[in-house]
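Add 1449 to the 1-based position in the sequence shown for the numbering used here, that's all there is to it.
Backbone N, C-alpha and C define an ideal beta-carbon position, used for all residues, glycine too.
Inspection log for the structure reproduced underneath, given as structure tokens.
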Amino acid sequence: MQVHLSDDVAPGGFLAIVYHFTKIRYGIDKPEEVCIKVFAPRSNPQTLSVLWIWRSAYFQERESYDMLGISYENYPRLNKRILMPESWDRLAFT
């Protein structure tokens, strides 16, 4: 996984979760690339976690939960804050 980002597409509308995957193999000049974009309603943003495939998604999915409130199914201990203090009672970018 090369990049994971989350963005507020339309305030009050949808959030976008974007994954960029790159497959790099020895002896191949041009790597294979795939971009997956998921839209989630702002009122209840949730999608499946890719943590079970790409362990590197750990921090990125936690960050988008902390900042935007996106919930990832099958993500262990997602309710624990990673960037904001535990006493923080709202989302950072809402």
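According to DSSP, residues forming a beta bridge with residue i
| i | result |
| --- | --- |
| Tyr-1521 | Thr-1496 |
| Ile-1399 | Lying before the first or after the last residue shown, residue 1399 is absent from the chain, which here runs from 1450 to 1543. |
| Leu-1532 | Answer by DSSP bridge pairing: none, since Leu-1532 is not bridged. |
| Leu-1390 | There is simply no residue 1390 to check, as the chain begins at 1450 and stops at 1543 in what is shown. |
Sequence-distant residues of the same chain with beta carbon closer than 7 Å to residue i, five excluded per side
| i | result |
| --- | --- |
| Arg-1530 | Asp-1515 and Trp-1537 |
| Leu-1500 | Ala-1506, Tyr-1507, Glu-1510 and Tyr-1524 |
For residue i, the nearest candidate out of the options (CA to CA)
| i | options | result |
| --- | --- | --- |
| Ser-1498 | Ser-1492, Arg-1491, Ser-1513 and Pro-1490 | Ser-1513 |
| Leu-1464 | Ser-1492, Phe-1508, Ser-1505 and Pro-1525 | Ser-1492 |
| Thr-1471 | Arg-1526, Asn-1528, Leu-1532 and Val-1483 | Val-1483 |
Outcome for residue i when other beta-carbon atoms lying within 10 angstroms are tallied against a minimum of 16
| i | result |
| --- | --- |
| Ala-1489 | buried |
Same chain, Cβ closer than 8 Å to residue i, neighbours up to 5 away in sequence not counted
| i | result |
| --- | --- |
| Gln-1495 | Ala-1489, Ile-1519, Ser-1520, Tyr-1521 and Glu-1522 |
Whole-angstrom C-beta distance between residue j and residue i, which should lie under 8 Å
| i | j | result |
| --- | --- | --- |
| Ile-1473 | Val-1487 | That belief does not hold up - the Cβ atoms of Ile-1473 and Val-1487 are roughly 24 Å apart, past 8 Å. |
Close-in-space but distant-in-sequence residues of the same chain around residue i (CB under 6 Å, 5 per side omitted)
| i | result |
| --- | --- |
| Ile-1485 | Tyr-1468 |
| Glu-1481 | Lys-1472 |
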